[in-house]
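K.L.:
In UniProt numbering, the protein residues as written are 1 to 258. Heads up, the beta-carbon is just placed ideally off N, CA and C, and yes, glycines get one too.
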Ligand code: G3P
Ligand code: CA
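1) Go through its chain and collect everything with a Cβ distance to residue 163's Cβ below 7 angstroms, but skip five positions before and after it.
2) Looking at C-beta atoms only, is the number of pairs between the segment 69-83 and the segment 11-26 that lie closer than 8 angstroms three or more?
3) Thinking C-alpha only, which one of 149, 77, 175, 169 is nearest residue 157?
4) If you draw a straight line from the alpha carbon of residue 4 to that of residue 115, how long is it in whole angstroms?
5) Taking residue 237 as the reference, which of 63, 33, 255, 117 has the closest Cα?
6) In angstroms with no decimal places, state the Cα-to-Cα distance between residue 260 and residue 59.
7) Have a look at residue 221 and residue 99 and give me their C-alpha separation to the nearest angstrom.
8) When the Cβ atoms of the segment 57-77 are set against those of the segment 132-147, are three or more pairs found closer than 8 angstroms?
9) Leaving out five residues on either side along the sequence, give the residues of the same chain with a beta carbon under 7 angstroms from the beta carbon of residue 31.
10) Counting only the same chain and skipping the five closest in sequence on each side, list residues whose C-beta sits under 7 angstroms from that of residue 232.
11) Quick one: what does DSSP say residue 210 is sitting in, helix, strand or coil?
12) Taking just the CA atoms, how far does residue 112 sit from residue 7?
13) Ligand 2 heavy atoms versus the CB of residue 117: any closer than 7 angstroms?
14) Where are the beta strand (DSSP E) runs, 3 residues long or more, that stay fully inside the segment 83-163, in chain order?
15) Identify, in the order they occur along the chain, each residue of the same chain with its Cβ nearer than 7 angstroms to the Cβ of residue 234, setting aside the five sequence neighbours on each side.
16) List the whole-angstrom C-beta distance separating residue 25 from residue 96, where the pair is believed to meet the contact cut-off of C-beta under 8 angstroms.
17) Quick one: complete alpha helix (DSSP H) runs, 4+ long, within the segment 13-53?
18) If we call anything under 8 angstroms between Cβ atoms a contact, is residue 118 one with residue 161?
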């Protein structure tokens, strides 16, 4: 394959999550300092109906608390420390809400884009996607004039979630995430409600022509999680548009100086 692809944009996965605890203010601040083009976050719904940035169903792994995110209010999570599990020298009290993260990007993001992944879509039957569309509208982010420059993109592994979100916020670009074992969309053929393909990097290793087939349809590829230099190189050479990485600084240096 010819080496003519543009340099992919660097997406800080869960913030700069190798150096700082994932989904904390500190992780996103560092990603912004390191010049990430975009950041990624996972969202779940709290007991009081707020979207909060947590990957797992429970807070146990990433905080000093216990319990399902959906069983706790934001106020109850205010006393939990979400940083010390990663680095005992750091403390960050309170869960990061999506509202807060949008505010951080507005005030200090200098154009940094946000990829929001909705979690547990089936159990809540679209509530997370509905709340996301509402929140983006409240922040004036639901109707970008130029879709290719949209400040926020929505993603999910669940086709039903992406479809539902697209109905609620048609101007916001969507990414259909594909795991290594996703069979249905492996060919790179996307439905009209998914603007980008989002393969696991292991899928790309097995099928390096994937991104080119997506590009032939006029769509872009977002690939995750791209931490190894060989994978960064694979993405660059195969025409991936966005690489999601836990190590934005190292990934950026590799892309700038392969
Ligand atoms: O960016 C997509 C990727 O984050 C999906 O996997 O488990 O890290 O949310 P996960
Ligand atoms: Ca994610």
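P.N.:
Let me spell this out:
1) Position 163 of the chain shown, counted from the start, is the residue given in the question as residue 163. Around residue 163: 193.
2) yes
3) Here residue 157 refers to the residue found at position 157 of the chain shown. Among 149, 77, 175, 169, the Cα nearest to that of residue 157 belongs to 175.
4) By 1-based counting over the chain shown, the position of residue 4 is 4. By 1-based counting over the chain shown, the position of residue 115 is 115. Residue confidence is low: residue 4 scores 48 on pLDDT, short of 50, so the model does not pin down where it sits. Its coordinate-derived value is still stated next. Roughly 26 angstroms separates the two Cα atoms.
5) Translated into the one-based positions of the chain shown, residue 237 becomes position 237. Checked all of 63, 33, 255, 117; the closest Cα to residue 237 is 255.
6) Outside the displayed span of the chain (1 to 258) sits residue 260, for which this structure offers no information.
7) Sequence index remark: in the chain shown, residue 221 carries index 221 (1-based). Sequence index remark: in the chain shown, residue 99 carries index 99 (1-based). Between residue 221 and residue 99, the C-alpha separation is close to 27 angstroms.
8) no
9) For the purposes of this step, residue 31 is taken as residue 31 along the chain shown, with counting starting at 1. For residue 31, where only same-chain residues beyond five positions count, the Cβ hits under 7 angstroms are 12, 15, 16, 39, 248.
10) Here residue 232 is taken as the residue at index 232 of the chain shown, counted from 1. Result list for residue 232: 226, 243, 251, 254, 255, in chain order.
11) Walking along the chain shown from the start, residue 210 turns up at place 210. Residue 210: helix per DSSP, three-state reduction.
12) Residue 7 sits at position 7 when you count from the first residue of the chain shown. Residue 112 sits at position 112 when you count from the first residue of the chain shown. If you take the alpha carbons of residue 7 and residue 112, they lie about 16 angstroms apart.
13) Numbered from its first residue, the chain shown carries residue 117 at position 117. Yes, since a heavy atom of ligand 2 falls inside the 7 angstroms radius drawn around the Cβ of residue 117.
14) 113-118, 152-156
15) The count along the chain shown starts at 1 and reaches residue 234 at position 234. Correct list, in chain order: 204, 205, 208.
16) Taking the first residue of the chain shown as position 1, residue 25 is located at position 25. Taking the first residue of the chain shown as position 1, residue 96 is located at position 96. The Cβ separation is near 6 angstroms, so the contact holds.
17) 25-33
18) By 1-based counting over the chain shown, the position of residue 118 is 118. By 1-based counting over the chain shown, the position of residue 161 is 161. Cβ atoms of residue 118 and residue 161: closer than 8 angstroms.
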